[in-house]
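Okay, structure first, notes after.
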Amino acid sequence: MTDATSPSVLPGGEASEGDPPLVAEVAVDVSLPHLDRPFDYLVTPQQAEEVAVGCRVRVRFAGKLRDGFVLALKRDSEAGKLRPLERVISGEVVLAAPIARLARQVADHYGGTLADVLRLAVPGRHAATEKASRAAPAAPASAGEAGVLPRFAEGDAFLAGLAGGRPVRASWSPVPVFGPDGDWAGGLVDAAAATLAAGRAAVLVVPDAEALARLEARCAASFGAGSFVTLTAELGPAARYRHFLAAARGQARLVLGTRAAVYAPVADLGLIAVFDDGNDSLAEPRAPYPHVREVASLRASGEHAGLLLAGYGRTAEVQALVEKGWVVPIGLPPAEMRRRGPVVRVAADTERALDRDPDARVARLPHDVFATLRAGLASGPVLVQVPRAGYVSSVACQGCREPARCPRCRTPLRGERGASGLALVCRLCGPLPGPWRCPECGDTRLRAPRVGVTRTAEELGRAFPQTRVVQSWSGHPVAEVDAEPAIVLATPGAEPEPTHGYAAAVLLDATLLLERPELRAAEEALRRWLAACARVRPASEGGAVLIVGETHARAVQALVRLDAAGFAERELAGRREASFPPASKLVVVEGPADAVAGFAEASGPVEGVETFGPLELGDDVVRVTLRGPTSSGPALVAAAKAEASRRSARKLPGSVRVRVDPQVID
DNA sequence: ATTCGGACGGCC
DNA sequence: GCCGTCCGAATT
């Protein structure tokens, strides 16, 4: 890597008269696919004083001034007539070679452009912050004994690997329980401490501000406040850039943060850890829609760093890595998991009664719910997880309750109200051509979804008139509850942190979550239930969880057994059967019909590719889904990128959106 | 003969 | 994307 302070470290050594002129290879900030390559510029002798590989420059490109990053310095160029750099914005190295390489890999993986990825990876410059010389954060203090990971099989071996500076990779399933066995943040701190002890840097990525606050507190306790930096958009431009610079300058060796922190510019990365990779906050909403789990995996391989994918739930993607042997599971046998976790029981849904009489609200809550609440309230707060209302588009079989799926591609169907009642539409193949028939049980009757659960609070308040009722949802989140008895109603993801753990939890309307018309509905439901369990005290302290729903649903059974790994195994098997990611490569293309047709055609020669659609999305936008075996993935993505390049080079009209293995198709 | 504009090629 | 250039058509 080029040292920012020594511009003399250049190809050919010290410049002298008669040397060929210095040339900078520049990643220009243009996101047109056909211009997604470096461009060469002359570096004037004056500019050579300040320029460095990885610094920001300003260049004239197609007549217009644009920002760029220096990818390399050299003394020769393939290109013909070169323009000089307009100016070196600053010699500060903000795009070191490993991150430039990573960004290129991410762009290629997702069929996007380097410029788009760099916009995600490098925060905007804040000149005043850059000029102000900053005190280096204190070196992380010794964290003492590792406390959490050694409680799990393979935990010690993983830590030993990190401490030895080796690129060990693992998937860690903490026990979904309140206390040390479920202390994901503690486990990440263990791994970071081992890495730092080996003299290497660590990056820890979490999905949201709540998780970051918790991790920050743990890091401050273990390493000392000010011995690490956080990277999150919420910091604002100045602080974000200050923290980014601390990492880039080698002052901060431990970085915590949300999504974009996966690109934190620490040198000699020894560990990259991701918590809760199933959380959709870790999927970037901007092109090319990279997922933190994939970026972290690419980065760990590219920089010979360790990787830790931690979560109470296990995604099919992580399961695929486990089965490939690419990551080692750190965990416990299911029986031991249950011994350390809360007791989980199922109460059958009383839905059939509800179907007959939608106003019979009392019938919605089984007797067991009240019993669980009563028992829990004797020793502390009880969490009641209430799914948000409004998943109105899901459709299931009346007979067996399985979500209705497309007979062609097995995608969950959605119901749309049409002239002749409920019309079934597949998001990949379009409206169902014939009448629907359940492949599981042969039933032809469909059941429409239920509406929400707005009266739960009132209802429970009436049943427990003396008890405090706390309500928390994403619009009005409550951060914390104390040890006093309370009924805490929360939507998934907005559960208040209990200071002493919940005495019990009740998970309502499990069926509602499972019937969501999404491919990952069951995986996502289990993830949310496990997150609730993780706030409940262990069985040994009386902790109990009651889930109300379909007793036989696979995700419900997995929860009862606290067996996220087993569930992921089945889930991945299902994805294989249905040829869905991560068992297949999916490229979803949306845009005007003629434009989208070009992508289908371009993917034709790729081995084993099938085409679904086009599906009308309205407003002259259609969707085509291209699917191929994972072995054809790079070729399929490359074909899509080539078609996008062809279109932009020819200036064909219409904007097209390309997504690779999208988390959700919508 | 001169000016204007729209399409197209190239962008270092 | 944006600019520059090259060509034909409209304008003097």
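Read left to right, the first sequence gives residues 110 to 775 (the working numbering).
Idealized CB from N, CA, C, for every residue including glycine.
Everything numeric in this text was worked out from a predicted model, so none of it was measured.
Beta-carbon separation of residue i and residue j under 8 angstroms?
i           : j           : result
residue 194 : residue 215 : no
residue 307 : residue 274 : yes
residue 681 : residue 692 : yes
residue 777 : residue 360 : Any property of residue 777 remains undetermined from this structure, which presents the chain solely from 110 to 775.
residue 234 : residue 350 : yes
residue 346 : residue 357 : no
residue 220 : residue 749 : yes
residue 754 : residue 285 : no
residue 191 : residue 300 : no
residue 383 : residue 331 : no
residue 737 : residue 767 : no
residue 594 : residue 442 : no
residue 492 : residue 597 : yes
residue 654 : residue 475 : no
residue 696 : residue 745 : yes
residue 260 : residue 294 : no
residue 211 : residue 372 : yes
residue 135 : residue 161 : no
Considering only C-alpha positions, which residue in the set the options is nearest to residue i?
i           : options            : result
residue 616 : 267, 761, 640      : 640
residue 704 : 765, 372, 169, 715 : 765
residue 734 : 744, 431, 771      : 771
residue 410 : 158, 377, 367      : 377
residue 606 : 600, 299, 591, 572 : 591
residue 648 : 728, 445, 730, 552 : 445
residue 578 : 566, 589, 588      : 566
residue 769 : 668, 396, 448, 335 : 396
residue 421 : 328, 364, 363, 296 : 296
residue 690 : 629, 721, 663      : 629
residue 432 : 161, 760, 678      : 678
residue 209 : 412, 281, 337, 363 : 412
residue 173 : 162, 161, 138, 145 : 138
residue 109 : 407, 183, 229      : One cannot answer for residue 109 here, as it falls past the ends of the chain, which runs 110 to 775.
residue 289 : 756, 533, 644, 742 : 644
residue 626 : 775, 700, 248, 204 : 775
Consult DSSP for residue i and reduce its assignment to one of helix, strand or coil.
i           : result
residue 328 : helix
residue 756 : helix
residue 750 : helix
residue 468 : With a pLDDT of only 42 at residue 468, under 50, the local geometry of the prediction cannot be trusted, and no value is derived from it.
residue 499 : Confidence at residue 499 is low in this model, with a pLDDT of 37, below 50, so the placement of that residue should be treated as unreliable; the coordinate-derived value is given next. Note: residue 499 maps to coil in three-state DSSP.
residue 769 : strand
residue 642 : helix
residue 203 : coil
residue 360 : coil
residue 541 : coil
residue 113 : The pLDDT assigned to residue 113 is 41, lower than 50, so where the model puts this residue is not dependable, and the model offers no usable value.
residue 558 : Because the pLDDT of residue 558 is 45, which lies under 50, any placement of that residue in the model is unreliable, and the number read from its coordinates should be weighed accordingly. Of the three classes helix, strand and coil, the one that applies to residue 558 here is coil, per DSSP.
residue 685 : helix
residue 774 : coil
residue 463 : Its pLDDT being 48, under 50, residue 463 is placed unreliably by the model, and the measurement read from it follows with that caveat. Helix at residue 463.
residue 454 : strand
residue 676 : helix
residue 488 : coil
residue 323 : helix
residue 611 : strand
residue 660 : coil
residue 563 : Low local confidence applies: a pLDDT of 48 at residue 563 is under 50, so the model's placement there is unreliable, and no value is given.
residue 193 : strand
residue 521 : strand
residue 507 : coil
residue 763 : coil
residue 379 : strand
residue 493 : strand
residue 121 : Residue placement at residue 121 is flagged as unreliable, the pLDDT there being 46, under the threshold of 50; the coordinate-derived value follows with that caveat. In this structure, residue 121 counts as coil in the three-state DSSP scheme.
Under the assumption that residue i contacts residue j (Cβ atoms under 8 angstroms), give the Cβ distance between them as a whole number of angstroms.
i           : j           : result
residue 185 : residue 132 : 7 angstroms
residue 611 : residue 636 : Actually they are not in contact, since the Cβ atoms of residue 611 and residue 636 sit about 18 angstroms apart, beyond 8 angstroms.
residue 152 : residue 164 : The pair is not a contact, with the Cβ atoms about 11 angstroms apart (cut-off 8 angstroms).
residue 458 : residue 600 : About 19 angstroms; that fails the 8 angstroms criterion.
residue 509 : residue 547 : 6 angstroms
residue 671 : residue 453 : 7 angstroms
Quiz item: In chain order, which continuous runs of the beta strand (DSSP E) of length 3 or greater are located wholly inside the region 232 to 317?
Solution: 278 to 281, 310 to 314
Quiz prompt | In chain order, each alpha helix (DSSP H) run of at least 4 residues that lies wholly inside the region 130 to 189 | solution = 154 to 157
Self-check item: Residue ranges of each alpha helix (DSSP H) within the region 678 to 742, 4 or longer
Solution: 702 to 711
Self-check item: Complete beta strand (DSSP E) runs within the region 388 to 453 (minimum length 3 residues, chain order)
Solution: 415 to 419, 437 to 439
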